[in-house]
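Residue numbers (our numbering): 44 to 1099. Quick reminder that beta carbons are idealized off the backbone N, C-alpha and C, glycines included.
Put into structure tokens, the structure is as follows:
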């Protein structure tokens, strides 16, 4: 409440000395006082989120669900070794290998996250901001972080306010507070030494300055009152840290997949553990067998594939100036169904640009590009047109904007001043040859800057004409400038304003206003030398200058033009089924005009919600657009929100900072995956709450960057399209990788079932399973990390994988109502203020509600009904692991692969050793007695005696060929899985060079496993296996490839 105190009370409160009448004579604090205060209150910087220790970050990576499965499997193998070291010696290195793999996977993910953290930290190591302060009556420059309450700071045009402060002296100060409030127009700031009346909102106090405010023009002296975590920015920063974002869609998908695999593996392992016991096996045998099944179910190489796909995509995005803070961020962007974006600085350049000029009774196009970019049918401005030169002179002289330096082209120069004057100066500078000398040629004799009260800017210059040597220039609100004029400049002279001119002026104003332009009126008055001689002393206090009977020169229409590529980006997103919603603080007309320019609004009719008479909001009858005024947001009920979100094109105008967060929550409550773009402090809460917050690097504040999961390093909105493409490609490639990787699980699991149920000799041992999953299979699965899109245009023409339709939105809305009814009718402790107008709060607290609802059987039934209703409403819902993936991997390709490997297995038994399937079964009936070097002889059906060493060699060869059969058939399956939308014969299937490298590496690895003596001893394989048998899995692999092709053809043409 410092803005309510008088200046004297403030000085007493903060124990400092300042002079409001003569601020240069202020004493300020002493260095000793400042040092004591900074020790008590801390540095002037917002409290960053508590840094997570490195070991905690590593543990988070280490305890992922995939790694937990690996840890569990490894631990059980070590337990088996502890129970029976003699017969389970191999369990030691298998268990240690699995645990080591978990650490390796965690290390890779940790490394990628640390690289991102290092980039973010580098932003903070830039040269610290400096602030001019008065301490011990001396003006000194110090780092802004060293400011304390009680300091006297000096602010000038272009400075960023370093802390919350109370202004006690100023000269024509204009402040941009858009970072805090979203307000696009600079506001006037003036001292109020007596303090504000009780009840005044701090944002409405004219003397208060907030941290991150930008001084657009003027200068002043201010008393620092709050710093660091105590400032308004610090408090907002702490609030954003309290709200936890939702889990990313990919995290949810992976968790669901891990649970599915865990349940399948657990049930199978436990079931066949007891089957083994019932068939007379001992405990150790049954336990080893069940753990083998558990290990076979777990795709050990998949975690690294997921991590590498995300990491490589993150690097590709970084090369395109997009920094992904969270590895799941890019994939989340690919899954969004709604993008909520602000206008200024995101969709537009945040540079006011002159687009139109009305003078001499004609409206001219004056925008960039001239005739090349002029709208069809419009006239292009010419410098020789009557009134143009005079208007250009006013743009330069009647202004406080200035070039920071006069070197280089005008278009490349930095201009100090507010957005409007900067645009006018740059516009005139590109047209006038003597722009740098103009202020000297026409020196300023008097200046009355623009204020929110006068809404005009007046300056008087030493500029000669036929009647004298002085000329008055005026610019400002067109209606006020027009009222001050009695004549208008036309055909090189002043003409009396009559009814014809009034109609022409009104028509021009209507045209420019309808386009959403910011319109300025321009006028001049050639002062008569008899009344105002050259030595006349003008005075603001005496008001001895004219303000009426001016000559109107014309109108200037200015716009904040869209960024290059924005219109194309929005059109692409619309094609991709993503709803782009604009949320802006500008008025509805401006918002609509810019929306139509960038293709955000394409409908001819626009439903406008401006007042209570527009409520309740009706649902759209077809494809319609809607624009909602911010002042109506707090009056909307749940049904109103549902109907708003059903419109195809949506604009929220005149919104407050809190409205964006409300809009995000409402969209999420009906099932939208929401991305939010923003750069201001006012955006930070919405950035944190969104499924994906996207902050701007150049214009963004620190809090917005900390709250976001993605940062556009070049502030280019079009980069989001590349991110969506990358995210969708990630999802597709992950789905392909999982489809491919799951195929080999069944050929690994079924041998264990046959080993106990039939029984036949084990076709694949646990060490060999590791050699599959962590050997060639890992290498080939990794190739999906570099897999290009089958058709890059198709990525942005398909709908989101979980689109929100009218049916699904209504289903979600009904679910929220039912849950709210259950919640309120049960004996839960609920705040009585919850009402049906705030049903969406139930979705925000859904997790805690669900934990209580699940306790009741009736509520479990309700949850099933909710799931059934929502599933029925979603016509297109593409999951990472769906029924199609499971069907292909387990029941189609998995069985073909198993059949091929088992056929080869029996072929080696028969053709190399004369062992029939009946002989294999007969030998296995005796349990662990046969198939070892010192096993007793086995009499085959042919009457041949099969000795122990031969049995052992036969077992090694059939296991070796089974292992190689999986590898060979998986090569064919690799190419089959790379095609999801196009036929696998197309060139793009073979264009990924990493695919060939992975196959070569896998071949080399598999060859070493089977055909080298050392690995023969370690993995119980045989180098004496005849390679001719590998033609059998080659034929099965070709059959699998053609089967997948035929299925794709039939599916694509709707015949399956």
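Check: Taking just the CA atoms, how far does residue 468 sit from residue 503?
Finding: Translated into the one-based positions of the chain shown, residue 503 becomes position 460. Translated into the one-based positions of the chain shown, residue 468 becomes position 425. Going from the Cα of residue 503 to the Cα of residue 468 covers about 18 Å.
Item checked: Rounded straight-line distance, which links the Cα of residue 152 to that of residue 143 -> Position 100 of the chain shown holds residue 143. Position 109 of the chain shown holds residue 152. Looking at the backbone, the Cα of residue 143 and that of residue 152 are separated by about 15 Å.
Note to self: Could you pull the DSSP bridge partners for residue 670 from this structure?
What the structure shows: What you label residue 670 is simply residue 627 of the chain shown in a count that begins at 1. Its beta-bridge partners are 651, 694.
Margin query: Going by DSSP in three states, residue 874 sits in which element: helix, strand or coil?
Written below: Here residue 874 refers to the residue found at position 831 when the chain shown is read from its first residue. Unreliable placement is indicated for residue 874, whose pLDDT of 40 sits below 50; the coordinate value is still reported in the next sentence. In the three-state DSSP reduction, residue 874 falls in the coil class, being neither helix nor strand.
Check: Going by C-alpha distance, which of 211, 478, 607, 924 is nearest residue 388?
Finding: For the purposes of this step, residue 388 is identified with residue 345 of the chain shown, where counting begins at 1. Measuring from the Cα of residue 388, the nearest candidate turns out to be 607.
Notebook entry, point to check: What is the rounded straight-line gap between the Cα of residue 893 and the Cα of residue 720?
Noted result: Here residue 893 refers to the residue found at position 850 of the chain shown. Here residue 720 refers to the residue found at position 677 of the chain shown. With a pLDDT of only 45 at residue 893, under 50, the local geometry of the prediction cannot be trusted, and the value read off the model is given with reservation. Each residue's Cα considered, the two are about 31 Å apart.
Check: When you compare only the Cα positions, how much space is there between residue 346 and residue 790?
Finding: By 1-based counting over the chain shown, the position of residue 346 is 303. By 1-based counting over the chain shown, the position of residue 790 is 747. When only Cα atoms are considered, residue 346 and residue 790 end up about 20 Å apart.
Item checked: Contacts around residue 880, its chain only, beta-carbon distance under 6 Å, and the 5 residues preceding and following it disregarded -> Within the chain shown, numbered from 1, the residue matching residue 880 stands at position 837. Confidence is the limiting factor: at residue 880 the pLDDT is only 39, short of 50, which leaves the residue's position unreliable, though a coordinate-based value still follows. Excluding sequence neighbours, residue 880 sits near 680.
Note to self: Nearest by alpha-carbon distance to residue 104: which of 157, 393, 117 is it?
What the structure shows: Position 61 of the chain shown holds residue 104. Nearest option by C-alpha distance: 157.
Notebook entry, point to check: Quick one, are the C-beta atoms of residue 206 and residue 190 less than 7 Å apart?
Noted result: Taking the chain shown and counting its residues from 1, one reaches residue 206 at position 163. Taking the chain shown and counting its residues from 1, one reaches residue 190 at position 147. Contact flag set, yes.
Checklist line | Chain-order list of residues whose beta-carbon lies under 6 Å from that of residue 636 (same chain, five-residue window excluded) | finding: Position 593 of the chain shown, counted from the first residue, corresponds to residue 636. Short of 6 Å from the beta carbon of residue 636, and not among the five residues preceding or following it, lie these beta carbons of its own chain, in chain order: 558, 559.
Item checked: chain B contact for residue 932 (CB, 7 Å cutoff) -> Within the model displayed, chain B is absent; a lone protein chain is all it includes.
Checklist line | Outcome for residue 591 when other beta-carbon atoms lying within 10 angstroms are tallied against a minimum of 16 | finding: By 1-based counting over the chain shown, the position of residue 591 is 548. When all chains shown are included, residue 591 counts as exposed.
Notebook entry, point to check: Can the beta-carbon of residue 1068 be found less than 7 Å from the beta-carbon of residue 1004?
Noted result: Taking the chain shown and counting its residues from 1, one reaches residue 1068 at position 1025. Taking the chain shown and counting its residues from 1, one reaches residue 1004 at position 961. Contact check for residue 1068 against residue 1004 passes: the beta carbons are separated by less than 7 Å.
Note to self: Residues in the same chain with beta-carbon distance under 7 Å from residue 493, minus the five sequence neighbours each way, listed in chain order, please.
What the structure shows: Counted from its first residue, the chain shown places residue 493 at position 450. Cβ within range, chain order: 499, 500, 519.
Notebook entry, point to check: Taking the continuous beta strand (DSSP E) assigned at residue 798, which residues delimit it?
Noted result: Within the chain shown, the letter at position 755 stands for residue 798. Counting along the chain, no beta strand (DSSP E) covers residue 798; the unbroken alpha helix (DSSP H) around it starts and ends at 788-800.
Check: Given 8 Å as the limit, is there contact between the segment 1012-1023 and the segment 764-783, that is, 3 or more CB pairs closer than that?
Finding: Yes: the two stretches touch, three or more of their Cβ pairs being nearer than 8 Å.
Notebook entry, point to check: Roughly how many angstroms lie between the CA atoms of residue 718 and residue 229, to the nearest whole one?
Noted result: By one-based count along the chain shown, residue 718 stands at place 675. By one-based count along the chain shown, residue 229 stands at place 186. Looking at the backbone, the Cα of residue 718 and that of residue 229 are separated by about 28 Å.
Notebook entry, point to check: How would you write the range of the alpha helix (DSSP H) that residue 962 sits in, first residue to last?
Noted result: Translated into positions along the chain shown, residue 962 becomes position 919. Per DSSP, residue 962 belongs to the alpha helix (DSSP H) from 960-968.
Checklist line | Between the CA atoms of residue 671 and residue 678 - distance to the nearest angstrom | finding: Start at 1 with the first residue of the chain shown, and residue 678 comes out as number 635. Start at 1 with the first residue of the chain shown, and residue 671 comes out as number 628. Straight-line spacing of the CA atoms in residue 678 and residue 671 works out to 11 Å.
Margin query: I'd like to know whether the C-beta atoms of residue 752 and residue 364 end up nearer to each other than 7 Å.
Written below: Against the chain shown, residue 752 aligns to sequence position 709. Against the chain shown, residue 364 aligns to sequence position 321. No; because the gap between Cβ atoms is not below 7 Å, this pair is not in contact.
Next item on the list: Pull up the DSSP beta-bridge partners for residue 516, would you.
Entry: Locating residue 516 in the chain shown gives position 473, counting from the first residue. According to the DSSP secondary-structure assignment, residue 516 is paired through a beta bridge with 502, 567.
Checklist line | Nearest to residue 1035 (by Cα), restricted to the options 827, 132, 118 | finding: Position 992 of the chain shown holds residue 1035. Of 827, 132, 118, the residue nearest in Cα terms is 827.
Margin query: Here's the rule: buried if 16 or more other CB atoms are within 10 angstroms of the residue's CB, otherwise exposed. What is residue 106?
Written below: The residue labelled residue 106 in the question sits at position 63 within the chain shown. Exposed, since its Cβ has fewer than 16 Cβ neighbours within 10 Å.
Next item on the list: Going by CA-CA distance only, name the one from 209, 60, 466, 193 that's closest to residue 78.
Entry: Locating residue 78 in the chain shown gives position 35, counting from the first residue. Of the candidates 209, 60, 466, 193, the one whose C-alpha sits nearest the C-alpha of residue 78 is 193.
Margin query: Any heavy atom of the ligand FMN inside 6 Å of the beta-carbon of residue 748?
Written below: With respect to the ligand FMN, the structure offers nothing, as it holds no ligand at all.
Next item on the list: Can you give me the Cβ contacts of residue 450 inside the same chain, cut-off strictly under 8 Å, excluding the 5 residues immediately before and after it?
Entry: The residue you call residue 450 lines up with position 407 of the chain shown. If the five residues before and after residue 450 are omitted, its C-beta is found closer than 8 Å to the C-beta atoms of 456, all from its own chain and listed in chain order.
Check: Should residue 527 and residue 593 be called a contact, given that it needs their Cβ atoms to be closer than 7 Å?
Finding: Residue 527 sits at position 484 when you count from the first residue of the chain shown. Residue 593 sits at position 550 when you count from the first residue of the chain shown. By the CB criterion at 7 Å, residue 527 and residue 593 fall inside the cutoff.
Checklist line | For residue 1089, the three-state DSSP class (helix, strand or coil) | finding: In the chain shown, the residue the question calls residue 1089 occupies position 1046. Here residue 1089 sits in helix by DSSP.
Notebook entry, point to check: Is residue 182 helix, strand or coil when you go by DSSP?
Noted result: On the chain shown, residue 182 is found 139 positions in, with the first residue counted as 1. Note: residue 182 maps to strand in three-state DSSP.
Notebook entry, point to check: Can residue 70 and residue 58 be called in contact, C-beta distance under 7 Å?
Noted result: As a first step, residue 70 must be located in the chain shown, where it is residue number 27. As a first step, residue 58 must be located in the chain shown, where it is residue number 15. Cβ distance not < 7 Å, so residue 70 and residue 58 don't count as in contact.
Next item on the list: Spell out the partners DSSP gives residue 531 in its beta bridges.
Entry: As a working mapping, residue 531 is identified with position 488 in the chain shown. Answer is 538, 595, bridged to residue 531.
Item checked: residue 536 versus residue 749 - alpha carbon distance -> Working through the chain shown from its first residue, we reach residue 536 at position 493. Working through the chain shown from its first residue, we reach residue 749 at position 706. When rounded, the distance between both Cα atoms is 59 Å.
Notebook entry, point to check: For residue 575, does the three-state DSSP call read helix, strand or coil?
Noted result: As a first step, residue 575 must be located in the chain shown, where it is residue number 532. Coil.
Next item on the list: Return the CA-CA distance between residue 589 and residue 550, expressed in angstroms with no decimal places.
Entry: In the chain shown, counting from the first residue as 1, residue 589 sits at position 546. In the chain shown, counting from the first residue as 1, residue 550 sits at position 507. Each residue's alpha carbon lies about 28 Å from the other.
Next item on the list: Using 10 angstroms around the beta-carbon of residue 808, count the other beta-carbons present and answer buried if the total reaches 16, otherwise exposed.
Entry: The count along the chain shown starts at 1 and reaches residue 808 at position 765. Residue 808 is buried by the Cβ-count criterion.
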